[in-house]
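Asker: Below is the structure I would like to discuss, written out as structure tokens.
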Amino acid sequence: MKPIALIGFMGSGKTTVGQALSNELNHTFLDTDRLIESHTKKSIPQLFETYGEAFFREQETETLKNLSSKHLIVIATGGGIVEREENRLLLQEEFLTIFLETQFESIVKRIGEDSSRPLWQQSLKERQLMFDKRQELYRQSASLSISTDGRSVQEVVQQIMLHINL
Ligand SMILES: Nc1ncnc2c1ncn2[C@@H]1O[C@H](COP(=O)(O)OP(=O)(O)OP(=O)(O)O)[C@@H](O)[C@H]1O
Ligand SMILES: O=C(O)C1=C[C@@H](O)[C@@H](O)[C@H](O)C1
Ligand SMILES: [Mg+2]
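Start counting the sequence shown at 5; every next residue gets the next number (the working numbering).
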């Protein structure tokens with residue numbers, strides 16, 4: 005069985021839903037953001053500040069490649085993983101990829117003014133533009149989309165369980 009990958013914008017719930025889903029399935033949970041931080045021994049804000057976004061994206065692709073051959077895992081990805089075509093192809097071909105579809109208004113409520121997400125440190129208009137641009141990329145990369153608006157984390161997990169045939 006292919007590894008399960010959760011994709012979606014920052015705050016769509018990839019990390020929290022991924023943890024709960026992995027418990028339900030008795031799979032190992034891994035988060036590409038946390039793997040990159042432990043590999044580089046730097047926080048994401050430090051990586052962006054010191055080495056720039058391109059370096060972070062290289063690390064992200066390497067991490068995704070390494071995870072593509074693993075079994076019985078659920079991975080949470082970074083919100084920008086779909087920016088690279090190479091990653092989109094990996095997500096389409098090597099993972100059972102699930103898009104946690106979430107309206108921009110819900111994202112704003114969930115994240116607030118969080119300084120741990122460097123690309124959230126922009127004007128509301130720029131955040132919305134980035135969100136709009138990525139929606140099509142998430143859809144292209146996933147074989148299943150689950151709406152998270154108005155659903156608790158457990159309800160999102162239940163929806164995923166209903167739609168995947170394991
Ligand atoms: N379905 C939901 N309903 C309400 N709040 C949620 C839901 N899913 C996640 N949250 C909350 O939203 C916040 C962001 O969730 P989380 O960190 O899991 O998002 P993420 O997709 O992993 O973001 P990032 O791409 O930045 O890593 C957390 O405070 C989490 O508890
Ligand atoms: O949306 C993005 O581009 C990002 C989301 C986070 O998960 C991290 O991967 C990082 O902050 C970049
Ligand atoms: Mg996360």
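Just so it is clear, CB atoms sit at the ideal spot from N, CA and C, and this is done for glycine as well.
Okay, do the stretch 111–121 and the stretch 159–167 touch, 3+ Cβ pairs below 8 Å being the bar?
Answerer: no
Asker: State the Cα-Cα distance for the pair LYS46 and ILE79, rounded to the nearest angstrom.
Answerer: 20 Å
Asker: Going by DSSP, what residue range makes up the beta strand (DSSP E) through ILE230?
Answerer: This structure leaves residue 230 out entirely; the chain is present only between 5 and 170.
Asker: From the DSSP output, in three-state form, read off ILE168 for me.
Answerer: coil
Asker: What do you reckon, is the C-beta of GLY82 under 8 Å from a heavy atom of ligand 3?
Answerer: Relative to ligand 3, the beta carbon of GLY82 is positioned inside 8 Å of a heavy atom.
Asker: Excluding five sequence neighbours on each side, which residues of the same chain lie with their C-beta closer than 7 Å to the C-beta of ASP153?
Answerer: THR106, GLN107 and SER110
Asker: How far does the alpha helix (DSSP H) with LEU25 in it reach, from first residue to last?
Answerer: 18–29
Asker: Within the continuous alpha helix (DSSP H) that includes ASP35, where are the two ends?
Answerer: Careful: ASP35 lies outside any alpha helix (DSSP H), inside the beta strand (DSSP E) at 32–35.
Asker: Could you check if MET14 is buried or exposed, using at least 16 other CB atoms within 10 Å of its CB as the buried criterion?
Answerer: By the beta-carbon neighbour count (other beta carbons within 10 angstroms, threshold 16), MET14 is buried.
Asker: Residues bridged to ILE77 by DSSP?
Answerer: In the DSSP output, where bridge partners are listed per residue, ILE77 has THR32.
Asker: Candidates SER72, GLU140 and PHE135: which alpha carbon is nearest SER16's?
Answerer: PHE135
Asker: Quick one: measure Cβ to Cβ for ALA24 and PHE99, integer angstroms, because I've assumed they're closer than 8 Å.
Answerer: With 8 Å as the limit, ALA24 and PHE99 do not qualify as a contact, their Cβ atoms being about 18 Å apart.
Asker: Can you tell which of ARG61, LEU94 and ILE77 has its C-alpha closest to the C-alpha of GLU41?
Answerer: ARG61
Asker: So does GLU64 have its beta carbon nearer than 8 Å to some heavy atom of ligand 2?
Answerer: yes
Asker: Is the closest heavy atom of ligand 2 to the C-beta of THR44 under 8 Å?
Answerer: no
Asker: Starting from THR101, trace the beta strand (DSSP E) in both directions and tell me its first and last residue.
Answerer: Per DSSP, THR101 belongs to the beta strand (DSSP E) from 100–105.
Asker: What span of residues does the alpha helix (DSSP H) with ALA58 cover, start to end?
Answerer: 57–71
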